[in-house]
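Numbering (my numbering), first residue to last: 714 to 1043.
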């Protein structure tokens, strides 16, 4: 919610208050992504040498604070600057979760765990839209503060508050988790070894330098097509910042435009969960499912949305376009 709430805030009055033209809004979106890309690899390098149960809540406190501070901006330049910092703050979270899951589960067990995590992101889009509509409409003018500013304050505070529960819930790595007994740690470790997964706690892996690990990763030929494919898909992720604008352009009021983005994420959730379950059942055909669904839901419905102008039809197409970007983690 903390990364995409700028789209809800824009239609709720932030655009007018900050003189946020289309070009300026685009800059705010892009600067977040630049900060995100710059910080992802360094963040995971730090994670590999630290405790996830402490590192992740630290990130959450960082970006929750930055999110709340956006409520104080007085011009679009300040918004752009804080969006860049927010990108840096959030960059390490998703890669860290993926890394932690792969450190605990066998290869054929991972997709279902990935979809649990990713489903939270999809659900946050739906829940965040409903919450944004309620906040911007119900608190607008309260204590002399505009509704869109309340949106950043409340969602930032929620993130910081949630961070304090993480150290009590999240496990570290199989051989270092203090919440498990020695027998449980060895069992978790032996499961991974039997599946051919090298633990972060193996001596060879543990003492490798950051630079050596980076060179080893980029020299893997599988990384090149994966990176190129992901670059193609990830561009559609930016659509999330424009869903409230799209729905408003379809004729909905400012309040209803935010509520109407919720079903877009609901459809994506159902299809993404289904595909990830199938991907674990038939892992050898995972690429076929991914490429086929991406093409069908992405290319087809983008073309239809561009050619058909009926508002209800376009809204339906938006739901399936969102599915294409949401199921990539299958």
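For each residue, glycine too, the CB sits at the ideal point set by N, CA and C.
Is residue 924 buried or exposed, if buried means 16 or more other CB atoms sit within 10 Å of its CB? Within a 10 Å sphere around the beta-carbon of residue 924 sit fewer than 16 other beta-carbons, which makes this residue exposed.
For residue 1027, collect the residues of the same chain with a Cβ closer than 7 Å to its Cβ; drop the 5 residues on either side in sequence, then sort them by chain order. Result list for residue 1027: 963, 1018, 1021, in chain order.
Is the Cβ-Cβ distance between residue 718 and residue 841 less than 8 Å? Yes, the Cβ-Cβ distance between residue 718 and residue 841 is below 8 Å.
By DSSP, does residue 918 sit in helix, in strand, or in coil? Confidence at residue 918 is low in this model, with a pLDDT of 49, below 50, so the placement of that residue should be treated as unreliable; the coordinate-derived value is given next. The answer is helix: DSSP assigns residue 918 an H, G or I state.
Would you check if the distance between the CB atom of residue 725 and the CB atom of residue 860 is smaller than 8 Å? For residue 725 and residue 860, yes; Cβs fall inside 8 Å.
Determine the closest residue to residue 1013 out of 1025, 739, 1033, 734, with distance taken between C-alpha atoms. Residue 1033 is the option with its Cα nearest to residue 1013.
Please list the segments of the alpha helix (DSSP H) lying wholly inside the segment 802-890, counting only runs of 4 or more residues, in order along the chain. Listed in chain order, they are 806-815, 823-851, 860-876, 879-882.
Between the Cα of residue 1059 and those of 991, 987, 1030, spot the shortest distance and give me the residue it belongs to. Given a span of 714 to 1043 for the chain in the structure shown, any question on residue 1059 remains unanswerable.
Assuming the contact rule is C-beta atoms closer than 8 Å, residue 1070 and residue 817 should be a hit. Round their C-beta distance to whole Å, please. Here the chain has residues from 714 to 1043 only, and residue 1070 is not among them.
For a test of the three-state rule: what should DSSP assign to residue 963, helix, strand or coil? The answer is coil: DSSP assigns residue 963 none of H, G, I, E or B.
C-alpha distance - residue 827 paired with residue 820, whole-angstrom precision: Inter-residue distance for residue 827 and residue 820 is about 11 Å (C-alpha atoms, whole angstroms).
With the cut-off set at 8 Å, would you say residue 747 and residue 805 are in Cβ contact? Against a cut-off of 8 Å, the Cβ pair of residue 805 and residue 747 comes out as no contact.
By Cβ distance, which residues of its chain are closer than 8 Å to residue 986, with the 5 residues on each side in sequence left out? Excluding positions up to five away in sequence, the list reads 828, 832.
Among the candidates 721, 715, 960, whose CA atom is the shortest distance from the CA of residue 977? When each option's Cα is compared against that of residue 977, the closest is 960.
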